[in-house]
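Heads up, the sequence shown is in my numbering, so the first residue is 5 and it goes up one at a time. Please read the structure below before turning to the comments.
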Amino acid sequence: MSRKKTPINFTSREYDSIRNELVKHAKRYYPDSFRDFSEASFGALMLDSVAYIGDQLSFYLDYQANESFLDTATEYNNIIKIARQMGYKFRGRPSSSGEATFYILAPANSLGLGPDSRYLPVLKKGSEFVSSAGVPFILNEDVRFDGSTNEVVAGRVDSTTGIPTHYAIRSAGKVVSGMIAKETFTVGSQEKFKKIQLSSANCIEVLKVYDSAGHEYYEVDYLSQNVIYREVSNFNNDKDTVPSILRPFIVPRRFVVETDRNRTYIQFGYGSESELNSPTMAEPSETVLDLFGKDYDASKTFDPSKLLGTDKFGIAPADTTITIEYRVANSRSVNIPVGSLTKVKKGPMSFADPTVLADATMRDVVNSLEVDNKEPILGDVSIPNNVELKRRVMDSFSMQNRAVTTQDLEGAVYSMHPKYGAIKRCRIVRDPDSFKRNLNLYILAEDARGFLAKATTTLKENLKIWLSTKKMIHDTIDILDAKIVNVGIEFSIVTKAEVNNYDVLQEAIETLAAKYANPLYIGEPLYITDIYSTLNHDVAGVADVKTVKITNKTGGKYSRVSFNIEENKSADGRYIIVPENVAFEIKYPKIDIKGSVV
């Protein structure tokens, strides 16, 4: 007669519960043998060992299950690996960035009425500077001392004639913390998806990769991406506001960068030079004879799908030496205060035509380079913790690096690098009159002085190429110029009895000037009630605000667009309704804002 099987309790997963279940099992099915068990017997040892192994297996099973999902993962590197699967690119240690001011001393021209333009150089990207605390910085863009917006003052004067002999030129450029490191690696025979680990644990970004034959490899987001966008110097009339032009380039040699908490890897594809040199697409004329007597062609070399797989995720280096230049952070504190960036470590310059210039004079110009920072250079220097990293990954995954909503599109516009042109304001509006309901993208740029200006043709071309990598394939976007309306503010106030009227009036004007130092967004209404509130609450000596009037400024140094303020006021007079393609700007706040005391 068979005995009845008791179901096993699969919820027992830790040491005590597993051991108790084993004891019950032994008592139920092996009662005679269990009588001989004692705490020090061999049978007890077996029960304890099995319970211990079961407890260990349960722990690692739970651990592996938890570490496989983003919400429950606790190991930092595991979170990074899951993030990589979800399309998030972990950048490693952040860095600080800001604007630095550069000065040179250039010789005067033959008349002494300005600097000799031949000796106005370009400070090259990659120049290195050091703060007073020893924090290194790198110039992130070329600085042109021949720009029309640079400030020029007399630097040295002839003591006899009083005519300037040298002029001091001031220009500005973006700098980023870190220093440049270089490593070389010997690569043998071809290896699929070759991966190289950098020796530095503080790599911030990879700058350049090239082999001993002079071939350059380009960083891409994923190895199947074979088109990148590079900057080309802009020689058009708008080069002062749009220094570079964005152009697409096909890159068969490419790599991706993978970063965890303390290590950085560079991974290549698995294509070969022979696959690059021999085309995989046959010429149509070469297949004509194969089509005689039949209406189809079975040649795989003419398969259109070959267009997507011609170079096996890029050309992998083989039998060469790879040189990698990258930026590293050698300090945990990279924020510096005003006036700390003072030392020039390396400042290479280029002149337009050095063959006709005096070597000694060029050396004097190069040696006269000085640097300073008028504003603090700041940045988040701490690596995000587990919770912050998870939040970033989930937000990035929802967007998928694509512009779907209007907020996504506007964010993509603002994320374009300023060297391709500065987009000051933008707004996406669906065109109700269009048959396909196109999207109208209204944009405004900024001129060299920071005022709103219409975008140039080059800037629009750059923006068009930039958005083509972000927008949905079926979205049709028309890039249009928004209108600029310059306005002024006139107000009257009543001051408190114990204060100086002039001081209160100056404080009121300066408070409003600070509030409206930046132009409003396109389509953003101007709230008159905000002006009342600011004067009443932020200016201590104001007892009451009597009147506030908005005026339209046109002609001369202002925009030529006229706007009827009274007709566009709301019914209750609390704000001014602004069309969706118009941006309000108080161009000269300290002049256009006028007040009086009554």
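We treat Cβ as the ideally placed atom computed from N, Cα and C, and that holds for glycine.
For the alpha helix (DSSP H) containing S72, list its first residue and its last residue.
Numbered from its first residue, the sequence shown carries residue 72 at position 68. If you look at S72, you'll find it isn't in any alpha helix (DSSP H); DSSP assigns it neither H nor E.
Residue of N82, I532 and K474 minimising C-alpha distance to P265:
Residue numbering aside, residue 265 sits at position 261 when the sequence shown is read from its first letter. Rather than Pro, the amino acid found at residue 265 in this sequence is Arg. Comparing Cα-Cα distances from R265 to each of N82, I532 and K474, the minimum goes to N82.
Euclidean distance between Cα positions of K310 and I477:
Residue 310 sits at position 306 when you count from the first residue of the sequence shown. Residue 477 sits at position 473 when you count from the first residue of the sequence shown. Since pLDDT at K310 reaches only 44, below the 50 mark, its modelled position is unreliable, and no value is offered.
DSSP beta-bridge partners of M353:
As a position in the sequence shown, residue 353 is number 349, starting the count at 1. Per DSSP, the beta bridge partners of M353 are L127.
Just how far apart, CA to CA, sit T435 and L361?
Counted from its first residue, the sequence shown places residue 435 at position 431. Counted from its first residue, the sequence shown places residue 361 at position 357. Residue identity differs from the one stated: residue 435 is Asp in this sequence, not Thr. CA-CA distance, D435 to L361, rounds to 57 angstroms.
Within the region 409-494, ranges of the alpha helix (DSSP H) (whole runs, at least 4 residues)
Runs of the alpha helix (DSSP H) inside the region 409-494: 410-418 and 461-472.
Would a C-beta distance cut-off of 7 angstroms place S62 and R23 closer than the cut-off?
The sequence position of residue 62 within the sequence shown is 58, counting from 1. The sequence position of residue 23 within the sequence shown is 19, counting from 1. No.
Is Y269 helix, strand or coil when you go by DSSP?
One-based indexing of the sequence shown puts residue 269 at position 265. In the structure shown, Y269 sits in a strand (DSSP, three-state: E or B).
Taking 8 angstroms as the cut-off, does the region 249-259 touch the region 336-354 (at least 3 CB pairs, one atom from each stretch)?
By the criterion of at least three beta-carbon pairs nearer than 8 angstroms, the region 336-354 is not in contact with the region 249-259.
Beta-carbon gap between S99 and I208 smaller than 7 angstroms
What you label residue 99 is simply residue 95 of the sequence shown in a count that begins at 1. What you label residue 208 is simply residue 204 of the sequence shown in a count that begins at 1. Closer than 7 angstroms, so yes.
Assign E155 to buried or exposed, taking buried as 16 or more other Cβ atoms, counted over all protein chains shown, within 10 Å of its Cβ.
Within the sequence shown, numbered from 1, the residue matching residue 155 stands at position 151. E155 comes out exposed.
From F94, P341, V342 and M366, residue whose alpha carbon lies closest to that of F353:
Taking the first residue of the sequence shown as position 1, residue 353 is located at position 349. Going by the sequence as given, residue 353 is Met instead of Phe. In this structure, M366 is the residue among F94, P341, V342 and M366 with its C-alpha nearest to the C-alpha of M353.
With H, G and I counted as helix, E and B as strand and the rest as coil, what does DSSP make of L250?
Along the sequence shown, one-based indexing puts residue 250 at 246. Here L250 sits in strand by DSSP.
Name the residue from G545, E570, I595 and L524 whose alpha carbon lies nearest to the alpha carbon of E584.
As a working note, residue 584 is residue 580 in the sequence shown. With distances taken between CA atoms, E584 lies nearest to L524 out of G545, E570, I595 and L524.
So, under 8 angstroms CB-CB, F106 and G177 are touching, yes? Tell me the CB distance rounded to an integer number of Å.
Along the sequence shown, read from residue 1 onward, the residue named residue 106 stands at position 102. Along the sequence shown, read from residue 1 onward, the residue named residue 177 stands at position 173. At roughly 6 angstroms, the Cβ-Cβ gap stays under 8 angstroms, so F106 and G177 are in contact.
What are the start and end residues of each continuous beta strand (DSSP E) run of 3 or more residues lying completely inside the region 10-83, in chain order?
Counting only runs of 3+ residues, no beta strand (DSSP E) is found wholly inside the region 10-83.
What's the C-alpha gap between V179 and R578?
Walking along the sequence shown from the start, residue 179 turns up at place 175. Walking along the sequence shown from the start, residue 578 turns up at place 574. If I take the Cα positions, the gap works out to 44 angstroms.
Whose C-beta lies closer than 7 angstroms to the C-beta of L250 among residues of the same chain, with five residues either side of it excluded?
As a first step, residue 250 is located in the sequence shown; it is residue number 246 there, counting from the start. Answer for L250: Y233, E235, Y424, N466, I469 and W470, listed in chain order.
Cutoff 7 angstroms; reference D479; Cβ partners in own chain excluding five residues on either side
If you number the sequence shown from 1, residue 479 lands on position 475. Counting only Cβ-Cβ distances below 7 angstroms, and skipping sequence neighbours, we find L443.
Residue-level contact to chain C via CB, Q68, 7 angstroms cutoff:
In the displayed structure, chain C is absent; only one protein chain is listed.
Let's see if you can read the secondary structure: which residues bound the alpha helix (DSSP H) around I319?
To locate residue 319, count along the sequence shown from 1; it is residue 315. Where I319 is concerned, there is no enclosing alpha helix (DSSP H), given that its DSSP letter is neither H nor E.
How big is the Cα-Cα spacing for G599 and T410?
The count along the sequence shown starts at 1 and reaches residue 599 at position 595. The count along the sequence shown starts at 1 and reaches residue 410 at position 406. The straight-line gap from Cα to Cα measures roughly 39 angstroms.
Go through its chain and collect everything with a Cβ distance to K199's Cβ below 6 angstroms, but skip five positions before and after it.
Translated into the one-based positions of the sequence shown, residue 199 becomes position 195. Y269 and Q271, listed in sequence order.
For A205 and L143, I'd like the C-alpha separation in whole angstroms.
Here the question's residue 205 lines up with position 201 in the sequence shown. Here the question's residue 143 lines up with position 139 in the sequence shown. If you take the alpha carbons of A205 and L143, they lie about 22 angstroms apart.
Taking a contact to mean a Cβ-Cβ separation below 7 angstroms, would you say G275 touches G218 in this structure?
Here residue 275 refers to the residue found at position 271 when the sequence shown is read from its first residue. Here residue 218 refers to the residue found at position 214 when the sequence shown is read from its first residue. The Cβ atoms of G275 and G218 lie no closer than 7 angstroms to each other.
Limits of the unbroken beta strand (DSSP E) element including I554:
By one-based count along the sequence shown, residue 554 stands at place 550. Run containing I554: V546 to K557, per the beta strand (DSSP E) assignment.
Any contact of the region 560-568 with the region 502-516, i.e. 3+ C-beta pairs under 8 angstroms?
As far as the Cβ criterion goes, the region 560-568 does not touch the region 502-516, which means the pair count is below three.
When the Cα of E494 is compared with those of F189, L211 and D596, which residue comes out closest?
Taking the sequence shown and counting its residues from 1, the one referred to as residue 494 is at position 490. The shortest CA-to-CA distance from E494 to any of F189, L211 and D596 is the one to D596.
For L456, the nearest candidate out of L448, L463 and T462 (CA to CA):
Against the sequence shown, residue 456 aligns to sequence position 452. Comparing alpha-carbon positions, the option among L448, L463 and T462 lying closest to L456 turns out to be L448.
Between the Cα of P358 and those of V54, P125, D576 and R88, spot the shortest distance and give me the residue it belongs to.
As a position in the sequence shown, residue 358 is number 354, starting the count at 1. For P358, the closest of V54, P125, D576 and R88 by C-alpha to C-alpha distance is P125.
What does T325 pair with, by DSSP beta-bridge criteria?
Position 321 of the sequence shown, counted from the start, is the residue given in the question as residue 325. As DSSP reads the structure, T325 sits in a beta bridge with T190.
Please classify P247 as buried or exposed, where buried requires at least 16 neighbouring CB atoms within 10 angstroms.
For this step, residue 247 is matched to residue 243 along the sequence shown. With 16 or more other Cβ atoms from the protein chains shown falling within 10 Å of its own Cβ, P247 counts as buried.
Given this structure, state the Cα-to-Cα distance separating T153 from M90, to the nearest angstrom.
The residue you call residue 153 lines up with position 149 of the sequence shown. The residue you call residue 90 lines up with position 86 of the sequence shown. Straight-line Cα distance between these residues: approximately 45 angstroms.
Strand pairing of I597, partner residues [DSSP]:
Indexing the sequence shown from 1 puts residue 597 at position 593. I597 is bridged to I493.
With a CB to CB cut of under 6 angstroms and the five nearest residues on each side skipped, what residues in its chain are close to P321?
In the sequence shown, counting from the first residue as 1, residue 321 sits at position 317. By the criterion of a C-beta distance shorter than 6 angstroms, P321 is surrounded in its chain by V191 and D215, once the five residues flanking it on both sides are discounted.
List the endpoints of the continuous alpha helix (DSSP H) containing D542.
In the sequence shown, the residue the question calls residue 542 occupies position 538. I532 to D542 is the extent of the alpha helix (DSSP H) around D542.
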